[in-house]
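According to our numbering, the sequence shown is numbered sequentially starting from 2. Here's the structure, in structure tokens; my notes come after.
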Amino acid sequence: MATRAAQRLRALALYKELHRLGRDYEPSYDFHGKLRKLYQKNRNLTGEEEVEKALKFGEYIKNETLALYSLRKYRHLKRMYPSNSTSDP
């Protein structure tokens, strides 16, 4: 099990990563505001299991956000280079 100081460092690193990812998010969604509220809500967690669960949820959010960005890039490339049904040999 991780110590309290190690969990704190993980939480800060995760916050920084999510904050950077939020820069590219849709402005109308208020990603940074929601991120801050979530961290403030979980700020008083004391049990190691509770903190670990919150960190795992944060990792899940990070991975889902990265997946959304990848999908957005893929869709953009697909629009830019449409597949032709007739190909010239």
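Glycine included, every Cβ here is placed at the ideal spot set by N, Cα and C. Predicted model, so just to flag it, every value in this text is computed and none were measured.
Item	Value
Length of the line joining the Cα atoms of E49 and M81	48 Å
Environment of L78 [buried if 16+ CB atoms lie within 10 Å]	exposed
Beta-carbon gap between L15 and L56 smaller than 8 Å	yes
Distance CB(E18)-CB(K63) smaller than 8 Å	yes
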